[in-house]
Ligand SMILES: Cc1ncc(COP(=O)(O)O)c(C=O)c1O
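So, in structure tokens, the structure goes:
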């Protein structure tokens, strides 16, 4: 049989979807599975975006320009301006989700065996995109004890080698929900300027910040113009995951010209979805206020509920819609599997994402799992009771 590639073989399995077969088997047995494993919000997309799709009289769906429609990019500059970020249309390339923006970024700044430093735990697909591009991820460890704050500067300094091309962060973080402060971003600024590295920020959860905490974009940090690359997306912001629209934003002209060649190779981003996304930009602030109020309530129910269970610890995140919790078990993966295959509480169980898959170092995060609070409050309350009862009877619970 012909051989498949080594990088294909080494591509890590998704920690989010890993347990799907167990969930499917539970459903066949008639058990209801609450899905806390995946960041698919149940919130409705803005009516403005849906209407434009429903009412469209388009007869033809042509290729668009590789960098994305000018109208849409102009509209995006106004969106960024509303976030105090001054961007020109030519500093934006529209992509097929943040996923494609990530792939373009790594391919534009790295050659095979180059290194990108990322605080771990991190969005697991960073590993996938890096592996596909032949790039090595160098993790620096953040800790659940301080809610996954930025690791110390010394840890980044120790990780830098002649092959390091950049530092990548996710802000607010998936899976941690951690929101970096201005001071933390300035620490990163000092490191990337000192070592002349790129700073890549995945800011797809920019709007999801809670308790009055503010999100700072690296695009707003003076002095980083040649270093900052932002990966952005409409998937979560407008609950439009299926539109597959994101973008790449940078003031570095050489980087943008290079990324543009990758954009040209894939012809163009989705035509229809750009129209919907442009309409979504008209969404009033009240939409986000309502959505964020809902997420704060969900977060509080989930995090406070988890912390009320003996032996469970879950820091309260200030952003995104994920939380990482530590459970009193040896292996959160085994516990997650057991929840699906051996346990139910009143005919219901839950699926969570074992956090080990979000760490690059195999020894880390084994007791942790990520829970996405993308379900309504009543369902989340049920999930807490399921975990509480499960830990009382799970054979691996550390008492
Ligand atoms: C941190 C982060 N970056 C990027 C993505 C990919 O987003 P998109 O749907 O825009 O490709 C996700 C999706 O969950 C994510 O959580």
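In the numbering used here, the protein residues as written are 1152 to 1550.
The beta carbon of each residue, even a glycine, is placed where N, CA and C say it ideally should be.
A quick note: this is a predicted structure, and the numbers were derived from the prediction, not measured.
Closest in alpha carbon position to residue 1474, among 1461, 1451, 1488, is 1451.
In this structure, the straight-line span from the alpha carbon of residue 1368 to that of residue 1546 is close to 45 Å. For the segment 1324-1387, the continuous alpha helix (DSSP H) assignments of 4+ residues that do not extend past its boundaries occur at 1333-1346, in sequence order. Residues 1260, 1267, 1348, 1349, 1350, 1351 of the same chain have their beta carbon placed closer than 7 Å to that of residue 1317, with the five preceding and five following residues left out of the count. A Cβ-Cβ distance of about 5 Å is found for the pair residue 1243 and residue 1398, placing them in contact under the 8 Å criterion. The C-alpha of residue 1277 lies about 34 Å from the C-alpha of residue 1202. DSSP, reduced to helix, strand and coil, places residue 1450 within a helical segment of the structure shown. At a threshold of 7 Å, residue 1237 does not count as near ligand 1, since its beta carbon sits no closer than that to any of the ligand's heavy atoms.
The criterion of a C-beta distance shorter than 8 Å is not satisfied by residue 1256 and residue 1447.
Within the DSSP bridge table, the entry for residue 1290 names 1269 as partners. Contiguous beta strand (DSSP E) elements confined to the segment 1382-1423 occur at 1397-1401, taking only those with 3 or more residues. The alpha carbon of residue 1297 has as its nearest neighbour, out of 1468, 1323, 1285, 1487, the alpha carbon of 1468. Residue 1384 has its CB nearer than 7 Å to a heavy atom of ligand 1. With a threshold of 7 Å, the Cβ atom of residue 1325 counts as near ligand 1, since some heavy atom of the ligand is closer than that. In the DSSP annotation of this structure, the continuous segment of the alpha helix (DSSP H) that includes residue 1205 starts and ends at 1198-1205. Taking non-hydrogen atoms of ligand 1 into account, the C-beta of residue 1392 is found less than 7 Å away from one of them.
A distance below 6 Å between beta-carbons, with the five flanking residues on each side excluded, links residue 1197 to the following residues of its chain, in chain order: 1389, 1431, 1434, 1438.
Around residue 1419, the same chain offers 1214, 1215, 1217 as residues with beta carbons nearer than 6 Å, after the five sequence neighbours per side are excluded.
Rounded to the nearest angstrom, the gap between the Cα atoms of residue 1173 and residue 1489 is 9 Å.
Taking each of 1204, 1518, 1472 in turn and checking the Cα distance to residue 1480, the smallest one comes out for 1518. Just so you know, the alpha carbons of residue 1239 and residue 1232 end up roughly 10 Å apart. Boundaries of the alpha helix (DSSP H) harbouring residue 1223: 1221-1233, taken from the DSSP string. For the pair residue 1283 and residue 1293, the CB atoms are not nearer than the 8 Å cut-off. The segment 1441-1516 contains, as complete alpha helix (DSSP H) runs of 4+ residues, the segments 1483-1492 (chain order).
The beta carbon of residue 1533 sits closer than 7 Å to those of 1185, 1499, all from its chain and outside the five residues before and after it, given in chain order. With fewer than 16 other beta carbons inside 10 angstroms of its own, residue 1362 counts as exposed. CA-CA distance, residue 1501 to residue 1221, rounds to 44 Å. When the five nearest sequence neighbours on each side are left out, the beta carbons in the same chain lying within less than 6 Å of the beta carbon of residue 1364 are those of 1330, 1469, in order along the chain. Scanning 1378, 1307, 1487, 1426 for the CA closest to the CA of residue 1208 turns up 1426. Ranking 1478, 1524, 1402, 1265 by CA distance to the CA of residue 1449 puts 1524 first. Checking the 7 Å criterion, the Cβ of residue 1250 is within range of a heavy atom belonging to ligand 1. With respect to the 8 Å criterion, residue 1291 and residue 1271 are classified as neighbours on the basis of their beta carbons.
Looking from the CA of residue 1461, the closest CA among 1179, 1415, 1542 belongs to 1542. For residue 1153 and residue 1412, the gap between their C-alpha atoms comes out near 31 Å. Taking every protein chain shown into account, the CB of residue 1313 has fewer than 16 other CB atoms within 10 angstroms, so this residue is exposed.
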